[in-house]
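Protein sequences, first through last, are from chains A and B.
Quick note: the first sequence uses our numbering, first residue 7, plus one each step.
Quick note: the second sequence uses our numbering, first residue 7, plus one each step.
Protein chains: 2
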Amino acid sequence: MDLTFTTETSSDGVVDRSFAIGEIPGVFWSPEHAAPGAPLLLMGHGGGLHKRSPGLVALARQAVVRDGFHAAAIDAPGHGDRPRSQQDQLWVDAMLLARAQNEPLSPIIAPFNTSLAERAVPEWRITIDALQSLPEIGAEAPIGYSGMTIASAIGIPLAAAEPRIRAAIFGGVFVYEAVLEAARRVTIPIEFLLPWDDPELDRESGLVLFDVFASEEKTLHAFPGSHFHMPTDRIDTRFFLRQLGVPELAGVAPECA
Amino acid sequence: MDLTFTTETSSDGVVDRSFAIGEIPGVFWSPEHAAPGAPLLLMGHGGGLHKRSPGLVALARQAVVRDGFHAAAIDAPGHGDRPRSQQDQLWVDAMLLARAQNEPLSPIIAPFNTSLAERAVPEWRITIDALQSLPEIGAEAPIGYSGMTIASAIGIPLAAAEPRIRAAIFGGVFVYEAVLEAARRVTIPIEFLLPWDDPELDRESGLVLFDVFASEEKTLHAFPGSHFHMPTDRIDTRFFLRQLGVPELAGVAPECA
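Here it is, written out as structure tokens:
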């Protein structure tokens, strides 16, 4: 499916273009002077957020400015600029009610996230196809994926299914059987972020999920607090630069790599 | 106690000086052109190793070259250039025998490491006194501590006792009551490295130790494999640069900080 750019702005060395691929709205960030073969970082947004959520945009711009990467985000089904289905609305209402009443969220989140992932994984694959057709990307650019909470519920099955994704950061995700099943098929290098004292995500299930990833290279990063505030700046391990980075990239000082 | 330098060499931008403080032999690494107020990184060596073990030297030189830090290491009691006491030899023999016979190491390591820590903590404090008396360091330079295995068995009580240490990386350590008790008194920012599949260190006790650190800012980094090969290069989070770094330090490119 074709990718159509709808807007373009440029600031602080970052070219920011909105795009649409059929009904999927997205954003594509690029260095003003991208190196040939620069890696592409796919960025999933958290539950209830969207492709231009401030935290996501900050990480995307950092990847562009600091690492010379391209970055892309799309709205998940029912998020951002996309209409929410009646069924999704029922799940959201049930989740907010359970949260307000301090009841377990898992019985709602497991089927909701499973359904989201079933819809979103094919959309990400179409998005990869479309981005690879851009001259800036092409078929050879290394591709990584980063996303917490629902973006991990989507990203873990995506990484299990999609060999073009070479490295990923996940975390803060509700664990249910479909996620565990997908994680057992993930073999790429991963980092996994675990909120240590989350009121909603139990620690033990996160440790189990980390354990079952089939990746030979995997690192667990656990930190105090909840999944609402992931301290990505404090646990930046320059993972994607190591996994995807190309030394001759313009703008990347070798001593930073 | 006075610090006496015994040798000095210089290569690749690093000045390497051996020193002695009474019976404590050490190494002090510095940038050829150190910035005033450059931080000091104290580096403990692992069990059976010494102040010039290759992994330690590589990390020390990286701290000097990349971050503009000073770094220092000393031999733990009975290690490196220091004579091993009869009691320490008994513990070492018992440990090697238990390892060869695949028996639990904890009953030997707990008293051995406790004794080492009781001797080594005061030595590190004397070393800090002596290093602070050097004009390159002074009383104000920020100080960090990094060390795995026995260097954590020593470093955790050291960090609990010594307010001059402002940040630390620990890991791969046998957990017994004295270590837990000290960890509960550690309040500085820490990173804690946990080998996920160690044949000798059980995962659960490592998770318990991470949990009890009183530090508001703490991060657990878990990775496949054993404590014999800590992938420090793969989980480099530029922790000390964030915790101790001074932006105006010579040689530190701001975009790396």
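Cβ coordinates follow ideal geometry from the N, Cα and C atoms, glycine included.
Own chain, CB closer than 6 Å to residue i, minus 5 neighbours either side, in chain order
{"i": "A116/A", "result": "Y182"}
{"i": "L9/B", "result": "F25, I27 and A136"}
{"i": "H56/B", "result": "D81, H85 and G86"}
{"i": "T225/B", "result": "E197"}
{"i": "F118/A", "result": "W97"}
{"i": "I143/A", "result": "L46 and L137"}
Per-residue DSSP class, three states only, for residue i
{"i": "R23/B", "result": "strand"}
{"i": "F219/B", "result": "coil"}
{"i": "W97/B", "result": "helix"}
{"i": "G144/B", "result": "coil"}
{"i": "V70/B", "result": "helix"}
{"i": "R88/B", "result": "coil"}
{"i": "E29/A", "result": "coil"}
{"i": "A201/B", "result": "First, the residue type needs correcting, since residue 201/B is Pro and not Ala in the sequence shown. DSSP places P201/B in strand when its eight states are reduced to three."}
{"i": "T15/A", "result": "strand"}
{"i": "S36/B", "result": "strand"}
{"i": "I175/B", "result": "strand"}
{"i": "G212/B", "result": "helix"}
{"i": "L46/A", "result": "strand"}
{"i": "G161/A", "result": "helix"}
{"i": "L255/A", "result": "A caution first: L255/A carries a pLDDT of 48, below 50, which makes its placement in the model too unreliable to give a value."}
{"i": "P260/B", "result": "With a pLDDT of only 37 at P260/B, under 50, the local geometry of the prediction cannot be trusted, and the value read off the model is given with reservation. Helix, per DSSP."}
{"i": "I194/A", "result": "coil"}
{"i": "I115/B", "result": "helix"}
{"i": "G61/B", "result": "helix"}
{"i": "A189/A", "result": "helix"}
{"i": "A82/A", "result": "coil"}
{"i": "L55/B", "result": "coil"}
{"i": "T133/A", "result": "helix"}
{"i": "I156/A", "result": "helix"}
{"i": "L226/A", "result": "strand"}
{"i": "L207/A", "result": "coil"}
{"i": "A123/B", "result": "helix"}
{"i": "A41/B", "result": "coil"}
Residues of its chain near residue i, where Cβ-Cβ distance is below 7 Å and the 5 sequence neighbours each way are ignored
{"i": "G212/B", "result": "V181 and L200"}
{"i": "H233/A", "result": "M154, T155, G178, P201, D204 and L207"}
{"i": "A100/A", "result": "I114"}
{"i": "A220/A", "result": "R190, R191, V192 and T193"}
{"i": "E223/A", "result": "P195"}
{"i": "R67/B", "result": "V20 and W35"}
Check whether residue i and residue j have beta carbons under 9 Å apart
{"i": "P31/A", "j": "D81/A", "result": "yes"}
{"i": "F176/B", "j": "I156/B", "result": "no"}
{"i": "D22/B", "j": "T12/B", "result": "no"}
{"i": "A173/A", "j": "I194/A", "result": "yes"}
{"i": "N77/B", "j": "V127/B", "result": "The question names Asn, but residue 77/B is Ala in the sequence shown. Not in contact: A77/B and V127/B (Cβ atoms no closer than 9 Å)."}
{"i": "S121/A", "j": "W97/A", "result": "yes"}
{"i": "D18/B", "j": "V71/B", "result": "yes"}
{"i": "R170/B", "j": "I196/B", "result": "no"}
{"i": "T238/A", "j": "G53/A", "result": "no"}
{"i": "A69/B", "j": "F246/B", "result": "yes"}
{"i": "P45/A", "j": "V20/A", "result": "no"}
{"i": "L250/B", "j": "S152/B", "result": "no"}
{"i": "G50/A", "j": "S158/A", "result": "yes"}
Cβ shell of residue i (< 8 Å), same chain only, five flanking positions each side left out
{"i": "R58/A", "result": "V33, A79 and G86"}
{"i": "M265/B", "result": "Lying outside 7 to 263, the shown extent of chain B, residue 265/B is not represented and no answer is given."}
{"i": "L215/A", "result": "V179, V181, V185, L186, A189 and F198"}
{"i": "P83/A", "result": "S91, D94, L122, R125, A126 and E129"}
{"i": "H227/B", "result": "G177, E197, F198, L199, L200, I241 and T243"}
{"i": "P110/A", "result": "A104"}
Minimum Cβ-Cβ distance from residue i to chain E less than 9 Å
{"i": "E223/B", "result": "Among the protein chains of the structure shown, namely A and B, there is no chain E."}
Contact residues within the segment 225 to 246 of chain A, judged by C-beta distance below 9 Å to chain B: T225, L226, H227, A228, F229, P230, P237, D239, R240, I241, D242, T243, R244 and F245
Members of the segment 34 to 62 of chain A that neighbour chain B once the beta carbon cut-off is set at 7 Å: none
Any C-beta of chain A within less than 9 Å: which residues of the segment 209 to 222 of chain B qualify? R209, L213, F216, D217, S221 and E222
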